[in-house]
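As you go down the protein sequences, you meet chains A and B in turn.
Mapping the first sequence onto my numbering, position 139 (from 1) lands on 139, and the numbers just tick up by one.
Mapping the second sequence onto my numbering, position 49 (from 1) lands on 49, and the numbers just tick up by one.
Number of protein chains: 2
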Amino acid sequence: MTESRDLILDHASELYLEDGLDGFSMRKLARRVGVTAPALYRHFESRDALLMELIRESAQTMLAYLGRALAGTSPMDRLRRAGAAYLDFALDHPRYFLLYASLCERLDPETMEAEVGEGVESVARFWEDRVRECLQTGAFRPGTPDEIGLTLWTHAYGFVSLYLGGALGLSEDEVRGAYMASCIRILNGIAAPGALPHDTPAPGVPSGNPAADLLHETSTP
Amino acid sequence: MTESRDLILDHASELYLEDGLDGFSMRKLARRVGVTAPALYRHFESRDALLMELIRESAQTMLAYLGRALAGTSPMDRLRRAGAAYLDFALDHPRYFLLYASLCERLDPETMEAEVGEGVESVARFWEDRVRECLQTGAFRPGTPDEIGLTLWTHAYGFVSLYLGGALGLSEDEVRGAYMASCIRILNGIAAPGALPHDTPAPGVPSGNPAADLLHETSTP
């Protein structure tokens with residue numbers, strides 16, 4: 001029972017990414033899974049309920065990755081680890097990454113509120129907390145959590161989605177280094193002067209980059 | 001003749017965005033346009049030729065917008081104007097924006113090289129030139145054009161595609177201000193100390209942001 005439920009979700013995420021919300025039907029999905037439509041309805045009461053479940057699963061999975069970043073030893077270190085965890089999540093679960101932003105916005109927020117709002121809100125709150133604690137401890141220049149969060153999110157999302165779409169011409173080995181170097185470059189524009197550890201450029205990072213050593217786990221115990 | 005060619009391209013970009021590359025067929029397209037498949041082939045010799053034309057049109061249109069930025073009075077001003085032009089292009093031609101990165105990478109580069117490589121290369125070269133002149137005049141901290149360009153591109157792409165996907169919850173009026181403020185935040189991490197004009201925060205931009213006035217056309221004649 002559980003296995004076939006996972007299989008349905010797996011095919012469902014694939015179908016959604018191929019055909020979009022408008023092209024997503026339970027009939028098409030049943031054909032893909034190799035079962036009858038009524039068999040699908042034994043697991044999910046409606047198309048929307050199934051799509052909601054995809055959001056819930058994506059949010060829960062993302063949160064499990066992000067949560068590891070809380071072991072970081074300072075607000076900035078937790079933010080850095082969260083940025084890395086976001087990439088790890090996307091590389092391990094590219095479909096969840098790709099459907100999350102798209103699907104959250106396309107479904108009726110009223111319905112979503114009741115059904116999966118909690119997971120989605122937890123993800124948003126996780127990032128707000130990371131930015132807010134950097135602001136409160138003076139690690140960031142003054143700004144609002146919303147504005148700074150938007151800059152961090154759009155960069156990370158753009159980088160990861162261009163990579164997953166094949167547009168960056170980077171291998172999976174290369175993407176981690178390039179992504180973290182780019183995140184650090186962004187943080188340089190947001191961090192308070194002196195809030196980032198050193199001025200030692202790391203390999204592949206331009207000199208004069210005060211956040212270079214954040215690239216390395218060695219800066220944290 | 002020209003009109004129906006434009007109509008075909010219009011429907012083609014819509015179809016591509018809905019059904020992806022795999023779901024794109026000349027038969028489906030003909031049905032949408034309301035003509036027979038042979039009628040399509042009078043305009044485009046193959047499905048790939050038509051898709052190539054979409055890339056060529058997108059690249060040419062984007063380049064027309066970007067080119068206006070060359071009227072800027074300094075490397076940094078041209079870069080700022082180019083960032084704004086990129087958003088203008090995306091808002092005016094969302095389908096071209098959305099299909100460009102996706103389609104460029106999915107078609108055979110060998111074929112593309114011959115057919116539309118010039119437009120795509122011109123767009124890439126335009127951005128390289130903007131970054132390189134900022135580096136050469138000392139407006140940027142040391143770095144490689146590739147790395148810095150990647151940070152600028154991924155942020156701008158992420159911001160615009162999340163906006164177009166409806167994920168940012170911003171109106172078109174709001175998006176311009178929020179986008180430019182976010183670009184300026186990014187430039188703060190890349191610019192050499194003192195290379196950005198003032199330290200006066202603009203409305204909606206955190207104080208301590210030395211690039212705030214770049215938001216305003218008034219800083220250029």
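Note that the Cβ used here is the ideal one computed from N, Cα and C, for glycine as well.
Use the C-beta contact count for residue i: other C-beta atoms within 10 angstroms, 16 or more gives buried, fewer gives exposed.
i: B/P75; result: buried
i: A/G143; result: buried
i: A/R42; result: exposed
i: A/S182; result: buried
i: B/R68; result: exposed
i: A/L9; result: buried
i: A/T36; result: exposed
i: A/L50; result: buried
i: B/R27; result: exposed
i: B/L70; result: exposed
i: B/L162; result: buried
i: A/A64; result: exposed
i: A/R125; result: exposed
i: B/S25; result: exposed
i: A/S46; result: exposed
i: A/S171; result: exposed
Could you check which residue in the options has the C-alpha nearest to that of residue i?
i: A/V33; options: A/E18, A/A49, A/H11, A/Y157; result: A/H11
i: A/L15; options: B/M26, B/D19, B/Y65; result: B/D19
i: B/C104; options: B/G189, B/L21, B/G194; result: B/L21
i: B/G138; options: B/G83, B/D92, B/G194, B/Y65; result: B/G194
i: B/R5; options: B/R141, B/S122, B/F126, B/L40; result: B/L40
i: A/G149; options: A/G72, A/V123, A/G119, A/S171; result: A/V123
i: B/V120; options: B/L91, B/N188, B/T73, B/L66; result: B/L66
i: A/G72; options: A/R130, A/A59, A/V116; result: A/R130
i: A/V244; options: A/D146, A/P145, A/E147, A/A178; result: Because chain A in this structure spans residues 1 to 221, residue 244 of chain A falls outside the shown range and cannot be described.
What residue range is occupied by the uninterrupted alpha helix (DSSP H) comprising residue i?
i: A/P224; result: Only positions 1 to 221 of chain A appear in this structure, which leaves residue 224 of chain A out of reach.
i: B/H43; result: 37–43
i: A/A30; result: 26–33
i: B/V120; result: 117–136
i: A/S58; result: 47–67
i: B/S74; result: Taken as a continuous stretch (DSSP letters only), B/S74 belongs to no alpha helix (DSSP H), as it is neither H nor E.
i: B/G165; result: Looking at the DSSP string, B/G165 is not in any alpha helix (DSSP H), and its letter there is neither H nor E.
Between residue i and residue j, which are expected to be in contact by the criterion C-beta below 8 angstroms, what is the C-beta distance as a whole number of angstroms?
i: B/F89; j: B/T61; result: 7 angstroms
i: A/A156; j: A/G83; result: 6 angstroms
i: B/L17; j: B/R95; result: 6 angstroms
i: B/T151; j: A/R185; result: 5 angstroms
i: B/V116; j: B/A59; result: 7 angstroms
Under the criterion of a Cβ to heavy atom distance below 7 angstroms, does residue i qualify as lining the ligand ATP?
i: B/H93; result: Only the bare structure without any ligand can be found here, which leaves the ligand ATP out of the picture.
Is the stretch 55–62 of chain B in contact with the stretch 93–108 of chain B, if contact means three or more CB pairs nearer than 8 angstroms?
yes
Do the stretch 128–137 of chain A and the stretch 75–85 of chain A make contact, defined as three or more Cβ pairs closer than 8 angstroms?
yes
Quick test of the definition: if touching needs 3 or more C-beta pairs under 8 angstroms, does the stretch 167–184 of chain B touch the stretch 164–178 of chain A?
no
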